[in-house]
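Since the structure comes first, as structure tokens, the remarks are kept for the end.
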Amino acid sequence: MDNQKQVVHDGWDEYANKRIYKSRGKIGIWRSLGFGVFSFFSISMQGLVGAWLMFFYTTFAGLSAGQGATIFLIGRVADAIVSLVMGNISDNIYKYKLGRMFGRRHIFILIAAPSVLVAITMWVAGMSFWYYLITYLIVTVLMSTLQIPWETLPNEMTKDFNERTKMSTTR
């Protein structure tokens, strides 16, 4: 029997000292607030969709309640699948040059953030069912691409429990 503790190697440790992961000092209130700003966007977007999109679909877009509910159902199923895939991809992107250059979470946020302007297209009146389904799916996928890596950032920005708590509190 070997009395030494066995270390499980997932490959992450060899990249942990790369440029993007070097300590940038203590997490202050401004960095915490900067982290929390995205939460405001995310919650606003989800609130807007949850409260008003069905009303928009049935009143201004000419869809039936069943068609609107179908769009939401397909969107939730797509979101569940994309969330699983996105989590796996963002956990393993560090194995590639692009992930090591920008960081395994940052690259997805950089790519998806400007693309969320597509959300405006959900609110165009008078289009077909398929238009609304596709735009809703695109926005759902983009929001997952942003949210899944963003949720894990506090754990990667600091090892200090109190600083992670401060970041989570600003959300």
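Count along the sequence shown from 1, then add 99; that gives the number in my numbering.
Note that beta-carbon positions come from the ideal geometry of N, C-alpha and C, so glycine has one too.
What you are looking at is a predicted structure, and each value in this text was computed from that prediction instead of being measured.
Where Arg-203 sits in the DSSP three-state scheme: Here residue 203 corresponds to residue number 104 of the sequence shown, with the count starting at 1. Arg-203 sits in coil when the DSSP states are folded into three classes, being neither helix nor strand.
Other residues of its chain near Met-100: CB distance less than 7 Å, five sequence neighbours each side excluded: Residue numbering aside, residue 100 sits at position 1 when the sequence shown is read from its first letter. Only weak support exists for where Met-100 lies, its pLDDT of 49 falling under 50; the value from the coordinates is given anyway. Cβ within range, chain order: n/a, list empty.
Runs of alpha helix (DSSP H) wholly within the stretch 135-182 (minimum 4 residues, chain order): If we require 4 residues or more, the alpha helix (DSSP H) runs fully inside the stretch 135-182 come out as 153-158.
Residue environment, Phe-260, which counts as buried when at least 16 other CB atoms sit within 10 Å: In the sequence shown, residue 260 corresponds to position 161, counting from 1. Per the 10 Å Cβ criterion, exposed.
N- and C-terminal bounds of the alpha helix (DSSP H) containing Ile-247: Translated into the one-based positions of the sequence shown, residue 247 becomes position 148. Counting along the chain, the alpha helix (DSSP H) containing Ile-247 begins and ends at 228-250.
Burial state of Lys-258 (16 or more Cβ within 10 Å): Here residue 258 is taken as the residue at index 159 of the sequence shown, counted from 1. Around the beta carbon of Lys-258, fewer than 16 other beta carbons sit within 10 angstroms, so the residue counts as exposed.
From Leu-236, Gly-202, Trp-229, residue whose alpha carbon lies closest to that of Val-215: Taking the sequence shown and counting its residues from 1, one reaches residue 215 at position 116. Minimum Cα distance to Val-215 is reached at Leu-236.
C-beta atoms of Met-153 and Gly-167 nearer than 8 Å: Here residue 153 is taken as the residue at index 54 of the sequence shown, counted from 1. Here residue 167 is taken as the residue at index 68 of the sequence shown, counted from 1. A contact, by the Cβ cut-off of 8 Å.
DSSP three-state assignment for Lys-196, whether helix, strand or coil: In the sequence shown, residue 196 corresponds to position 97, counting from 1. Looking at Lys-196 - three-state DSSP - the assignment turns out to be helix.
Among Ala-224, Ile-233, Leu-232, Ile-210, the one whose alpha carbon lies nearest that of Trp-249: Along the sequence shown, one-based indexing puts residue 249 at 150. The option with the nearest alpha carbon to Trp-249 is Ile-210.
Reduced DSSP category for Val-223 - H, G, I as helix; E, B as strand; rest coil: If you number the sequence shown from 1, residue 223 lands on position 124. It is coil, neither helix nor strand.
Coil, strand or helix - Ile-126 by DSSP: In the sequence shown, residue 126 corresponds to position 27, counting from 1. Ile-126: coil per DSSP, three-state reduction.
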